[in-house]
Amino acid sequence: STYQMGIYTQRDPMSALAYAYAYADRRQMLDDRPISPIHAQLLDVLSRGLSAEQQRLAQERGSTIAAAIAASADSDVIHICAGTYNEHDLLVQKTLSFVGEGTGPGDVIIDGGGNGISTGSPIFSAGSQHVEFSNLTLQHGMAANGGAVSAASIKTDAVIFSHNASSGDGGAVYLNGQDV
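If you count by the numbering used here, then the sequence shown holds residues 154 to 333, one letter each, in order.
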């Protein structure tokens, strides 16, 4: 399956609405413009037939990487729209791929905010799982081991690791007892 920030998958009847909400949120945040009339019409069409609670859940699920991880299945791809995401302690308990949807890795930034060392959790904590990252930046991650990522295995393509640190091993990435 493929997920867009805002969750996009054919398994989930609310996924198209969640994606549309995420797009609308990003447009407002990045461009400081209201939603276009065409996009407002799309939101209206997608909302038809869904209860108020389903609409609320779709909007909520489209807003964070953590929500996309929670809604995903093993081996899914999560596409992340351009922007800066201030998230950390993202627990990944399945094999996932994270793909930045920008023209380069600087367009999609996941900023850990330097918040992990006290908890020992990096931006992404994948334990015994394999994770893949492409076309994004992981910055300001801090943890006991692996400031940005701690996992069993990792594959990267066009990824910038910036200002990540650990109080132990693997400043940016820690692989089950192995520094990278």
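Quick reminder that beta carbons are idealized off the backbone N, C-alpha and C, glycines included.
For Ala304, the pairing in a beta bridge is given by DSSP as Leu328. Using a Cβ distance threshold of 7 Å, Thr256 and Phe286 do not count as a contacting pair.
With respect to the 7 Å criterion, Gly299 and Ser319 are classified as neighbours on the basis of their beta carbons. Between Pro275 and Ala235, the C-beta spacing is not below 7 Å. For Ser250, same chain residues with a beta-carbon under 6 Å away, outside a window of 5 residues either side, are Val230 and Glu285 in chain order. Assignment of beta-bridge partners to Ser281 by DSSP yields no partner.
The criterion of a C-beta distance shorter than 7 Å is not satisfied by Ile262 and Leu243. Assignment of Asp322 by DSSP, reduced to helix, strand and coil, places it in the coil class.
In the displayed model, Gly266 falls within coil according to three-state DSSP, outside both helix and strand.
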